[in-house]
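Quick note, the sequences are listed as chains Z and Y, same order. Heads up, the first sequence is in my numbering, so the first residue is 14 and it goes up one at a time. Heads up, the second sequence is in my numbering, so the first residue is 14 and it goes up one at a time. Data first, discussion second: the structure below is written as structure tokens.
There are 2 protein chains.
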Amino acid sequence: MSEDAALRLDEQLCFKLYAASRAVIRGYRPMLESLGLTYPQYLAMLVLWEWRDAPPAHPTVKALGERLALDSGTLTPLLKRLEHLGLVQRQRGRPDEREVHLALTEAGAALRDRVGPLRDALMCRAGLERGGLGALREQLDGLLAQLTGSG
Amino acid sequence: MSEDAALRLDEQLCFKLYAASRAVIRGYRPMLESLGLTYPQYLAMLVLWEWRDAPPAHPTVKALGERLALDSGTLTPLLKRLEHLGLVQRQRGRPDEREVHLALTEAGAALRDRVGPLRDALMCRAGLERGGLGALREQLDGLLAQLTGSG
DNA sequence: GTGAATTGAGTTGTGTGCAATTCAATAGCG
DNA sequence: CGCTATTGAATTGCACACAACTCAATTCAC
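Structure representation (structure tokens):
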């Protein structure tokens, strides 16, 4: 492949990823608006809902940050907004007071039941519910492993 | 698939896309820092470099926005930064003074020569240069078509 | 035990994304 | 021609991302 061709935008996997990611987020927006959440807030809630069933030893900001690959600079204000919405409780850890432990409120736990139907509608609209999407997931897994492992 | 499983974060294609996209951008960062560009600025430059060879009828903010799926709210300040860096010229269109036409400066055009080697290094590090990534690209194409077509 | 290094959140500053709005310029229509 | 609708940028406001930094709490080395 020539140098010029290699630099063409359409050839750039990076741009496709970036564009596809933003397109998916745009697709989620109407559904999330009806829940009063932004997309990163929704991802944080997904993790907290998972943790309701199998909580880690320390459900802290750090643990959430590792799960989402986001740092405290992003998560602290985001979690304060979720707290302000009455969905999440933040509490200083004991005995380690550096940690902030996260827990769902009743409203936060209840919100999960409203997500399923909306998500199905979106997946259906995006044509994602069946077929070759498993392969895409696996390739993204591989890409992530490459980038976080060797990068 | 059960409802709970469907909501598991790992199953969410949306999260994988989001995480992979950010990981790729993180990977590009050191290379782009040496060029003095952010990632969206780099994408804009890619388009302008392409247009140097085959410019559209109107290389305007609108045309760039359609190429990158970004609106003027994002592009106007971004392009002002590129102008301030001396890489891009912005000029009100004639005869239509609503349009803003974009052109590379000499420095902006010259910057392209510094990208190739750096990009190769990154692609290599990410294991992206050959092999099964074409399939990933195609699947992202399909996903984008689904989301922008029917969404 | 005590001082140095580390760790977990939080803060600050810059640069996106994107909805909503504004505004001037142009196009469309009778 | 005059009037309205549309269009292209720009602006505003909010919420991320993320680097760099601060600070208090804890851990480690000796």
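Backbone N, C-alpha and C define an ideal beta-carbon position, used for all residues, glycine too. Please read these numbers as outputs of a predicted model, since none were measured by experiment.
Any 3 or more C-beta pairs closer than 8 Å across the stretch 36-48 of chain Y and the stretch 75-93 of chain Y: The stretch 36-48 of chain Y is not in contact with the stretch 75-93 of chain Y.
How many Å lie between A120 of chain Z and S47 of chain Y at the Cα? The alpha-carbon atoms of A120 of chain Z and S47 of chain Y are separated by roughly 47 Å.
In angstroms, rounded to a whole number, what distance separates the CA positions of R103 of chain Y and E110 of chain Y? Rounded to whole angstroms, R103 of chain Y to E110 of chain Y spans 12 Å at the Cα level.
Output yes if chain Y places a C-beta closer than 7 Å to the C-beta of G121 of chain Z; else output no. Nearest CB-CB separation between G121 of chain Z and chain Y: not below the 7 Å threshold.
Are any of the Cβ atoms in chain Y nearer than 7 Å to that of Q152 of chain Z? Yes, Q152 of chain Z counts as interfacial toward chain Y.
Residue span of the alpha helix (DSSP H) that contains Q54 of chain Z, given as start and end: For Q54 of chain Z, the enclosing alpha helix (DSSP H) stretches over residues Y52 to D66.
Please specify which runs of the beta strand (DSSP E), each continuous and at least 3 residues long, are wholly inside the stretch 85-122 of chain Y, giving them in chain order. Counting only runs of 3+ residues, the beta strand (DSSP E) found wholly inside the stretch 85-122 of chain Y occupies 101-105 and 113-117, in chain order.
Candidates Y:A18, Y:H97, Y:L156 and Y:K75: closest to H114 of chain Y by CA position: Checked all of Y:A18, Y:H97, Y:L156 and Y:K75; the closest Cα to H114 of chain Y is Y:K75.
Nearest-angstrom Cβ-Cβ length linking A57 of chain Y and L30 of chain Y, presumed shorter than 8 Å: Their Cβ separation, rounded to whole angstroms, is 22 Å, which puts A57 of chain Y and L30 of chain Y out of contact at 8 Å.
Take L20 of chain Y as the anchor and find which of Z:G99, Z:L61 and Z:G78 has the nearest alpha-carbon. Cα-wise, what sits closest to L20 of chain Y is Z:L61.
Name the two residues that bound the continuous alpha helix (DSSP H) containing R39 of chain Y. For R39 of chain Y, the enclosing alpha helix (DSSP H) starts and ends at L26 to L48.
For G155 of chain Z and S163 of chain Z, the rounded distance between their alpha carbons: With a pLDDT of 47 at S163 of chain Z, under the threshold of 50, the modelled position of this residue cannot be trusted, and the question is left open.
Taking only beta-carbon atoms, is G40 of chain Y less than 7 Å away from chain Z? It does: the Cβ of G40 of chain Y has a partner Cβ on chain Z nearer than 7 Å.
Relative to the C-alpha of Q54 of chain Z, which candidate in Z:L149, Z:V101 and Z:E151 has its C-alpha closest? Closest option to Q54 of chain Z, Cα to Cα, is Z:V101.
Contacts of L20 of chain Z in chain Y (Cβ-Cβ under 9 Å): L20 of chain Z reaches chain Y at L59, W62, E63, R125, V128, G129 and R132, counting residues in chain order whose Cβ is nearer than 9 Å.
Is it buried or exposed for P72 of chain Z, if we count other Cβ within 10 angstroms and need 16 for buried? Looking at its Cβ environment, which holds 16 or more other Cβ atoms inside 10 Å, P72 of chain Z is buried.
Which residues in the same chain have their Cβ closer than 6 Å to the Cβ of A116 of chain Y, if we skip the five residues on either side of it in sequence? Answer for A116 of chain Y: Q102, listed in chain order.
What do you reckon, are the CB atoms on T118 of chain Z and G99 of chain Z nearer than 7 Å? T118 of chain Z is a Cβ neighbour of G99 of chain Z, given a cutoff of 7 Å.
CA-to-CA distance, R105 of chain Y to A205 of chain Z, given in whole angstroms: In this structure chain Z extends from 14 to 164, so residue 205 of chain Z is not present and cannot be described.
Please check the pair R65 of chain Y and A122 of chain Y, which I expect to be a contact at CB under 8 Å, by giving their CB distance rounded to whole angstroms. Between R65 of chain Y and A122 of chain Y a beta carbon distance of about 6 Å is seen, short of the 8 Å cut, so the two are scored as contacting.
Below 7 Å on C-beta distance, what does S34 of chain Z contact in chain Y? Within chain Y, the residues near S34 of chain Z are L30, Y31 and S34.
Determine whether the Cβ of A158 of chain Y lies closer than 7 Å to any Cβ atom of chain Z. At a cut-off of 7 Å between C-beta atoms, A158 of chain Y does not count as an interface residue with respect to chain Z.
Quick check: is the beta carbon of L56 of chain Z nearer than 7 Å to any beta carbon in chain Y? For L56 of chain Z, the answer is yes, since a Cβ of chain Y falls inside 7 Å of its Cβ.
Contact list for T87 of chain Z against chain Y, beta-carbon separation under 7 Å: Going along chain Y, no residue has its Cβ under 7 Å from T87 of chain Z, so there is no contact; the nearest lies around 11 Å.
Tell me where the alpha helix (DSSP H) around R80 of chain Z begins and ends. Per DSSP, the unbroken alpha helix (DSSP H) holding R80 of chain Z starts and ends at V74 to L81.
Within chain Z, partners of A67 of chain Y - CB distance below 8 Å: In chain order: nothing, as chain Z lies at least about 11 Å away.
List the residues of chain Z whose Cβ lies closer than 8 Å to the Cβ of V37 of chain Y, in chain order. Close partners of V37 of chain Y in chain Z (Cβ separation under 8 Å): L26, C27, L30, Y31, L156 and L160.
Going by the CB atoms, is the gap between R150 of chain Y and L26 of chain Z shorter than 7 Å? Cβ atoms of L26 of chain Z and R150 of chain Y: closer than 7 Å.
Pick from Z:D133, Z:R42 and Z:Y52: whose alpha carbon is nearest that of L95 of chain Z? Checking every option, the nearest Cα to that of L95 of chain Z belongs to Z:Y52.
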